[in-house]
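In my numbering, the protein residues as written are -19 to 173.
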Amino acid sequence: TGSRRQSLTEKAQAKIAKVLSYGDYAVDATVGNGNDTFFLADHVGPEGAVVGFDIQELALHRATAVLGEAQLLQRVKLVQKSHHRMAEFVPDDWHGKIKAIMFNLGYLPRGDKSVITQADTTILALEASIKILAVGGRMTVVAYTGHDGGQEETNAIREWLRPLTISHYDVEMIPAEVQTSGSPELYVITRTD
Ligand code: SAM
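Structure follows, in structure tokens:
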């Protein structure tokens, strides 16, 4: 709202808000400091539920604090595992019913910048995600090109997305408003049938 520029992470949340309702299931594939987990938990309401993944204890620790303060922990399960294993940790009866999955790649802000998402596990995680997404469900991926390996990861995502646009999915790419070398990109993938 207002004239302030929306960041890509805010745009990702706005895209998700359009498809996510009270009582829905959602996944945060990269919990980090918990901003997206918080957003998802808030939007699914007390009848909904969220599973969040991060490989770093520090991230889950921070997210737990933020969610706890807002009394949202009851509807959130945080898992310290790589997102490419999400199918094992998301309840079986959620498969095909998940309305939103969010990825915010790269490193943990205010954390160890050497722990970053990796192209191969990111692609496996995206593959796992589309298998459990509901019809009408949506995934967002914020990808960064500025750090070591970021460009390779973004290229791998683009390659992976290409055949998806042929059927069953709608794919949108939203660039950063101010484009510099290394500026992020937002991918929005919606399952249409
Ligand atoms: N969305 C978060 C927020 O709102 O604060 C920021 C996420 S941060 C940019 C990326 C996170 O991905 C880091 O916390 C990092 O530990 C995590 N990560 C890296 N590799 C991962 C993996 N294989 N599975 C799950 N999380 C991973």
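Note that CB positions come from ideal geometry on N, CA and C, so glycine has one too.
Ligand 1 heavy atom lying under 7 angstroms from the CB of residue i
i      : result
N13    : yes
G86    : yes
S(-13) : no
T101   : yes
A39    : yes
S109   : no
T10    : yes
T97    : yes
G129   : no
S147   : no
Cross-strand partners of residue i (DSSP beta bridge)
i    : result
A6   : V30 and A80
Y149 : R171
L166 : V122 and I154
Where residue i falls: helix, strand or coil (DSSP)
i      : result
D173   : coil
V56    : strand
T(-19) : Reliability fails at T(-19), whose pLDDT of 49 lies under 50, so the model's placement of it is uncertain and no value is given.
T120   : strand
I35    : coil
E157   : coil
K(-9)  : helix
P89    : coil
N13    : coil
A50    : coil
Contact test: residue i Cβ vs ligand 2 heavy atom, cutoff 7 angstroms
i   : result
F69 : Of the ligands this structure carries, namely ligand 1, none is ligand 2.
Counting beta carbon pairs with one atom in the region 65 to 75 and one in the region 104 to 122, are three or more of them shorter than 8 angstroms? yes
Can you list the alpha helix (DSSP H) stretches of 4 or more residues lying completely in the region 94 to 144, in chain order? 99 to 112 and 130 to 141
Cβ contact check for the region 141 to 158 and the region 24 to 37: 3 or more pairs under 8 angstroms: no
Can you confirm whether the region 151 to 166 touches the region 107 to 117 when touching is taken to mean that 3 or more C-beta pairs between the two stretches lie within less than 8 angstroms? no
Is the number of C-beta pairs between the region 165 to 172 and the region 116 to 129 that are closer than 8 angstroms three or more? yes
For the 8 angstroms Cβ check, are there 3 or more pairs between the region 82 to 89 and the region 3 to 20? yes
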